[in-house]
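Student: In order, the protein sequence lines correspond to chains A and B.
Residue numbers for the first sequence, in our numbering: 901 to 1728.
Residue numbers for the second sequence, in our numbering: 1231 to 1459.
Glycine is no exception: its CB is placed at the ideal position from the N, C-alpha and C atoms.
What follows is a single structure, and I will ask about it in a moment.
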Amino acid sequence: MTSPLRMAWRLLRREWRSGELRVLALALLIAVAAVTSVSFFTDRVERALSQQANDLLGADLLLSAGNEFAPAYVQQAAKLNLQTSASISFPSMVMTDQASHLGMIKAIDDHFPLRGHVRVADKLFAPDYELDRVPHAGEIWMEGQIMSALGLQVGDRVALGMREFTVGAVLTTEPGVGGMFTLAPRILFNMSDLAATELVQPASRVKHYLQVAGERSAVAEFRAWVAQRNDVGVAAQGVEDARPEMRQALDRSRQFLGLAALTSVLLAGVAIALAARRFAQRHLDHCAILRCLGAVQGYVLKIYLWQLVLLGLIASLLGCALGFVAHLLLVDLLGGLLDIALPAASWTLLWVAMVTGVMTLLGFALPPLLQLQSVPALRVLRRDLGQLGAPGWISYSLGLLVLAGLMVYQAGELRMGLLLVAGTLVALLVLWLVAQLLVALLGPLRARTGGAWRFGLVNIVRRRQASVVQVVAFGLGLMALLLLAVIRGDLLAQWQNSIPDGAPNRFIINLQPEQVPAMRIFFAENGRDAPLLWPMVRGRLVAIGDKPVVAQSYADDRARQLATREFNLSWTDTLPKANKLLAGHWWSGQGHEFSVESGVAKALGIQLGDELHFEVAGQRFSARVSSLREVSWDSFEPNFFVLGSPGSMDGLPATYMTALYLGSEDYTLLNQMLQAFSNVSVIDVAAIMTHVRNVITRVSNAVEYVFGFTLLAGLMVLYAGIQSTHDERLQESAIVRTLGGQKKQVLQALLMEFVLLGVLAGTLAAALASALAWGLATWVLKIDYHFNALVWLLGVGGGALAVGLAGVLGSYQVVRQPPLTTLRKLSL
Amino acid sequence: MTDSPDNLILKVEQLTKWVESPEGRLDILRDVNLTIMAGQTLAVLGASGAGKSTLLGILAGLDVPSSGKVWLKSHDFFQLNEDGRARLRGELMGFVFQSFQLLPSLTALENVMLPLELSGHRDAREAAMATLQRVGLQPRALHYPRQLSGGEQQRVAIARAFAGRPAILLADEPTGNLDGHTGERVIDLLFELNREQHTTLVLVTHDLDLAQRCQRRARLADGSLHEEA
């Protein structure tokens, strides 16, 4: 006997010619293309965003230490083909003949920055531009506010320590900011001038930085090497570590893009299941004939399995190619809009896509095809035998398992993946049960309607199981589409609203306590409401309970960093508006208390009731932890890891800080403030906020286009669903016309049937999309969900319109051909 | 044609088939006995619903009897499992059905090639084309069943049945879906090929004229098979 593989290949070629397999192949091709293009695109976008966000670090990895880095660090980096750039940062006074001002000085080497660009302006308040060089020897770049404070222009001379410099440019943006706050306006000069300044002495408090950049895997390996060395005082930061607000934005974008990709896979599975069932239905006679001609049961099964595998491989490969082209075209179209340079595509994704395609095909096409092996040969004489059984959930358990696995893999996060799996299963079950109920409820309506409505109702009720399948399929497709619209709209609104236009863009620090009243008067005299002034004490956490805090005892990088850094502590009587209590209670009024940010508490192992001991300028003070807080870091309001109850830090050296919004028209006010309060430092977070807004906008754009692929997959579900009962409808309509029915009546009945199916599916879809969106928003994405009536309007109306039109268009053939031709064709 | 045991193609002993129905047990075949020698042609007559197709299905191994034995050449047919019967069927039997039973996604040539490919025939294409030529349909070799008339489709089916040179050919109402003139031509072809290949032919029909063309005739009535003189 000819081998099953060879036979399967022959039959596959013949079946393909006849068009039998095209729907199945197309569904898989589009699914794989969607997944591939999404995977390529999201992978490249995520890596690009990661690199963009790294601009704020000026590197892929930033190491900081109180002492100079051992040569081994640079050597190891070189071994891994990583770029490095060294810099030293310290506060110091900048002096002119008339005045002086505190500045945060940074000496940089020729490689700075490794990521991003320094931006400068040729004079104060002039447009800035990227400059791809570092200051020359003898040249200094200064932020505008210190230049204003000192009355400097570009070209003037200033002294830094024992060295004089020429102001070469106004510094506007400097990548590699080591933290949200800097103590003073920033100043850059060339490392070759450092020795001449004589500012760095053996006892000087300086911060050494080593920026590292290169291949992702090499950077990760280097970071692991640093962690293993475990040198005291060395802290490592990737962008995710250092930027809570950026971390949130990146996580949200990754989750949402992953969600869009998952939806494509899910819809593809539904479309494949429907198309495969139709294929199996149309091959019942084939199987019986093969058995009659001598093929044994196992041989028949193998033929169809091999056909499936071969088709899956070919369609997946084509889908990958199409997906790759689609994503390239997408990148080309979006290049200007996205304004982002994407790294090269990762070809390892192709294997993932191929496996995804074949596994999806097997998972959803096998259940009906497996039934073909049981078709009795006697069917050649008795066509009532060997009908396909109704698909049960168990038979699709393989497909559902494959999908669940893919969901978890694609989500990249177990929790979100499992939540999506659970949500999808619940959705399917609810859809099924409610669809059964709704179809059953339609029964009594038959007697109360007439004409085309009645025909449509009759057809739905008579083909109950097929109707339920189509309502579930359409409902699922519509639900996924609505879900994206809901989540997309809410996420975008949340993202865009998270940084309101009037959000603080300047932080003022180092205000002395005795200057607080004068500051309030200053704002009042200038017609501005005085911003909230926060007291700030810098202290180190030295013990939790009776256990000293030792950095090396923590395995987590972030925990070790927290254990060595100084905290910005403050006190307040009311819970700040960007904070939410998670555990414990606000001040009880009994003794000194602390409220700790939940992430820090988790990292350091701090629990409610713990006694925290801080050291400030040689003094110790303690308080009990009475609450844990969640902080919205992307609010850009002043936020503190540790807050004390009023009076808990009395007598400790403190300064005051505040945050306010200053528009471009307020620079004069700013200069007046600096002249009136020359000791304060004004931190410009406008650049950071601009960057964050940029990232959010780019992610929003990516989401828009990912949505397009999911929509395409949803349309495949519609098409496959209509095709699944196409033959039956063709035959019935042909008989009706034979018995005297007019074309118009047939079309109206079809229209009504599909409109009704669309209404049922749309209603279900809207309800489930809203429920699922609420769940995802509340538990996973942690944003506020708002009821959206448009979802219902789009669901019901859109479902009726889309399914009605698609159904009629897909079945229009029935009224074009003479009835006899249709009946003759279907009897073969 | 001798009646020696070596020439025995099909032997049926006390074949019974009954089914359960809402009214109770329904006997379709009762103690059917039949012996067919190689090269013989037998017509099984009976009214509609007499059980002719049931008998044919059991003789083909497509259905199982309630009791009794069927010997196909030297093989106790129902001692074999379903797969075993399928293999034997592929080796020894050909079929022609009332509804033609061509695969719509294959061309006429590919339909005729199918049994040859299944059995691993090396020159399936050439052999199939030769058979198609014999039935006068070589010009239509690349046409699909939907492009052929009923008579042409049945001729393709006959070509498929004879392509593998079966020892026995079972035909179930081969002219049932054809008009008189077309049916005549198809039957002529069927008997011509039967003679050429010395195939044993078992023909189920309700057409007396068709039955007269067979060497033997048996009538199925009330579940019993009686051979006519």
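Output, in chain order, the set of chain B residues within a Cβ distance shorter than 9 Å of THR1638/A.
Tutor: Taking the first sequence and counting its residues from 1, one reaches residue 1638/A at position 738. Simply none; closest approach about 18 Å.
Student: At what residues does the alpha helix (DSSP H) containing GLN1244/B begin and finish?
Tutor: By one-based count along the second sequence, residue 1244/B stands at place 14. Run containing GLN1244/B: none in the alpha helix (DSSP H); it sits in the beta strand (DSSP E), 1238 to 1251.
Student: Pick out the complete alpha helix (DSSP H) segments inside the segment 1310 to 1378 of chain A, 4 residues or longer, and give them in chain order.
Tutor: Complete alpha helix (DSSP H) runs here, min 4: 1314 to 1342 and 1351 to 1362.
Student: Quick check: the segment 1616 to 1625 of chain A against the segment 1705 to 1712 of chain A, are there 3 or more CB pairs under 8 Å?
Tutor: Verdict: yes, contact present.
Student: Return yes when the Cβ of VAL1294/B is within less than 8 Å of the Cβ of VAL1434/B, no when it is not.
Tutor: Within the second sequence, numbered from 1, the residue matching residue 1434/B stands at position 204. Within the second sequence, numbered from 1, the residue matching residue 1294/B stands at position 64. Not in contact: VAL1434/B and VAL1294/B (Cβ atoms no closer than 8 Å).
Student: For the candidate residues MET1091/A, ALA1702/A, SER903/A and PHE1065/A, whose alpha-carbon lies nearest to that of LEU1346/B?
Tutor: Translated into positions along the second sequence, residue 1346/B becomes position 116. Nearest C-alpha to LEU1346/B: SER903/A.
Student: Can you grab the Cα-Cα spacing for the pair ALA1649/A / ARG1354/A, in whole Å?
Tutor: By 1-based counting over the first sequence, the position of residue 1649/A is 749. By 1-based counting over the first sequence, the position of residue 1354/A is 454. Rounded to whole angstroms, ALA1649/A to ARG1354/A spans 8 Å at the Cα level.
Student: Between PRO1718/A and PHE1654/A, what straight-line distance do the alpha-carbon atoms span, to the nearest angstrom?
Tutor: Locating residue 1718/A in the first sequence gives position 818, where the first residue counts as 1. Locating residue 1654/A in the first sequence gives position 754, where the first residue counts as 1. Their Cα atoms are separated by approximately 23 Å.
Student: In whole angstroms, give me the CA-to-CA distance for MET1004/A and LYS1502/A.
Tutor: To locate residue 1004/A, count along the first sequence from 1; it is residue 104. To locate residue 1502/A, count along the first sequence from 1; it is residue 602. Spanning the two alpha carbons is a distance of roughly 32 Å.
Student: For the alpha helix (DSSP H) containing ASP1131/A, list its first residue and its last residue.
Tutor: As a position in the first sequence, residue 1131/A is number 231, starting the count at 1. Here ASP1131/A belongs to no alpha helix (DSSP H), and DSSP marks it neither H nor E.
Student: Taking CB distances under 8 Å as the criterion, tell me whether VAL1280/A reaches chain B.
Tutor: Position 380 of the first sequence, counted from the start, is the residue given in the question as residue 1280/A. Yes, VAL1280/A lies at the interface with chain B (some Cβ there is under 8 Å from its Cβ).
Student: Distance, Cα to Cα, ASP1306/B vs LEU1240/B?
Tutor: Working through the second sequence from its first residue, we reach residue 1306/B at position 76. Working through the second sequence from its first residue, we reach residue 1240/B at position 10. Cα to Cα, ASP1306/B sits roughly 10 Å from LEU1240/B.
Student: Kindly indicate if chain B contains any beta-carbon less than 8 Å away from that of THR1349/A.
Tutor: Position 449 of the first sequence, counted from the first residue, corresponds to residue 1349/A. No, because no Cβ of chain B sits closer than 8 Å to the Cβ of THR1349/A.
Student: Using a Cβ cut-off of 7 Å, which residues of the segment 1327 to 1358 of chain B contact any Cβ in chain A, in chain order?
Tutor: Within the segment 1327 to 1358 of chain B, the qualifying residues are PHE1327, GLN1331, LEU1333, PRO1334, SER1335, LEU1336, GLU1340, LEU1344, PRO1345, GLU1347, LEU1348, SER1349 and GLY1350.
Student: What are the start and end residues of each continuous beta strand (DSSP E) run of 3 or more residues lying completely inside the segment 1472 to 1497 of chain A, in chain order?
Tutor: With a minimum length of 3 residues, the continuous beta strand (DSSP E) runs that stay inside the segment 1472 to 1497 of chain A are 1479 to 1484 and 1493 to 1497.
Student: How do the segment 1274 to 1283 of chain B and the segment 1441 to 1453 of chain B stand: do at least 3 beta-carbon pairs fall below 8 Å, yes or no?
Tutor: Yes, the segment 1274 to 1283 of chain B touches the segment 1441 to 1453 of chain B.
Student: Using only the alpha-carbon positions, how far apart do LEU1285/A and LEU1318/B sit?
Tutor: The residue you call residue 1285/A lines up with position 385 of the first sequence. The residue you call residue 1318/B lines up with position 88 of the second sequence. Each residue's Cα considered, the two are about 22 Å apart.
Student: Please identify, using Cβ separations under 8 Å, the residues of the segment 1395 to 1407 of chain B that lie next to chain A, in order along the chain.
Tutor: Correct list: ASP1402.
Student: Distance, Cα to Cα, LEU1272/B vs PRO1396/B?
Tutor: Looking up residue 1272/B in the second sequence gives position 42. Looking up residue 1396/B in the second sequence gives position 166. If you take the alpha carbons of LEU1272/B and PRO1396/B, they lie about 16 Å apart.
Student: Short of 8 Å Cβ to Cβ, which residues in the segment 1299 to 1317 of chain B face chain A?
Tutor: Listed in sequence order: GLU1312, ASP1313, ALA1316 and ARG1317.
Student: Taking 8 Å as the CB-CB limit, is SER1296/B close to chain A?
Tutor: Numbered from 1 along the second sequence, position 66 holds the residue referred to as residue 1296/B. Not closer than 8 Å to any Cβ of chain A, the Cβ of SER1296/B fails to qualify, so no.
Student: Using a C-beta cutoff of 8 Å, does GLY1194/A count as contacting chain B?
Tutor: The residue labelled residue 1194/A in the question sits at position 294 within the first sequence. Taking Cβ atoms only, chain B reaches closer than 8 Å to GLY1194/A, which makes this a yes.
Student: Short of 8 Å Cβ to Cβ, which residues in the segment 1626 to 1657 of chain A face chain B?
Tutor: Per Cβ criterion, the list is empty.
Student: Name, please, each residue of chain B whose Cβ falls closer than 7 Å to the Cβ of ALA1189/A.
Tutor: Within the first sequence, the letter at position 289 stands for residue 1189/A. For the sequence presented, residue 1189/A should be read as Ile rather than Ala. Those within 7 Å of ILE1189/A in chain B are GLN1331 and LEU1333.
Student: Report the three-state DSSP secondary structure of SER937/A (helix, strand or coil).
Tutor: Position 37 of the first sequence, counted from the start, is the residue given in the question as residue 937/A. Three-state result, SER937/A: helix.
Student: Enumerate, from N- to C-terminal direction, the unbroken beta strand (DSSP E) stretches of 3 or more residues contained entirely within the segment 1421 to 1471 of chain A.
Tutor: List check, beta strand (DSSP E) in window: 1434 to 1444 and 1466 to 1471.
Student: In angstroms with no decimal places, state the Cα-to-Cα distance between ARG1322/A and GLY1223/A.
Tutor: Taking the first sequence and counting its residues from 1, one reaches residue 1322/A at position 422. Taking the first sequence and counting its residues from 1, one reaches residue 1223/A at position 323. For the sequence presented, residue 1322/A should be read as Ala rather than Arg. The straight-line gap from Cα to Cα measures roughly 28 Å.
Student: In chain order, what residues of the same chain lie with their CB nearer than 8 Å to the CB of ALA1180/A, ignoring the 5 residues before and after it?
Tutor: For this step, residue 1180/A is matched to residue 280 along the first sequence. Within the same chain, ALA1180/A has close Cβ partners PRO1268, LEU1269, GLN1271, LEU1272 and LEU1288.
Student: With contact counted as at least three CB pairs below 8 Å, one residue from each stretch, are the segment 1404 to 1422 of chain B and the segment 1334 to 1350 of chain B in contact?
Tutor: Too few Cβ pairs lie closer than 8 Å, so no.
Student: Quick check on DSSP: helix, strand or coil for ILE1408/A?
Tutor: Residue 1408/A sits at position 508 when you count from the first residue of the first sequence. ILE1408/A: strand per DSSP, three-state reduction.
Student: For VAL932/A, tell me which candidate among LEU1166/A, GLY1641/A, ARG1063/A and VAL1371/A has the shortest Cα-Cα distance.
Tutor: Residue mapping note: residue 932/A aligns to position 32 of the first sequence, counting from 1. Considering only alpha carbons, the answer is LEU1166/A.
Student: What is the residue span of the alpha helix (DSSP H) that MET1343/B lies within?
Tutor: As a working mapping, residue 1343/B is identified with position 113 in the second sequence. Where MET1343/B is concerned, the enclosing alpha helix (DSSP H) stretches over 1338 to 1348.
Student: To which residues does DSSP link ALA1387/B through a beta bridge?
Tutor: Against the second sequence, residue 1387/B aligns to sequence position 157. Per DSSP, none; premise fails for ALA1387/B.
Student: Starting from the beta carbon of SER1379/B, find every residue of chain A whose beta carbon is closer than 7 Å, and list them in chain order.
Tutor: Start at 1 with the first residue of the second sequence, and residue 1379/B comes out as number 149. Those do not exist, as SER1379/B stays about 10 Å from chain A at its closest Cβ, beyond 7 Å.
Student: Buried or exposed: where does ILE1046/A fall if 16 or more other Cβ atoms within 10 Å of its Cβ makes it buried?
Tutor: As a position in the first sequence, residue 1046/A is number 146, starting the count at 1. ILE1046/A is buried by the Cβ-count criterion.
Student: For MET1307/A, I'd like the list of residues in its chain whose CB is within less than 6 Å of its CB, leaving aside the five on either flank, ordered along the chain.
Tutor: Position 407 of the first sequence, counting from 1, holds the residue named residue 1307/A. Excluding positions up to five away in sequence, the list reads LEU1162, GLY1317, LEU1320 and VAL1321.
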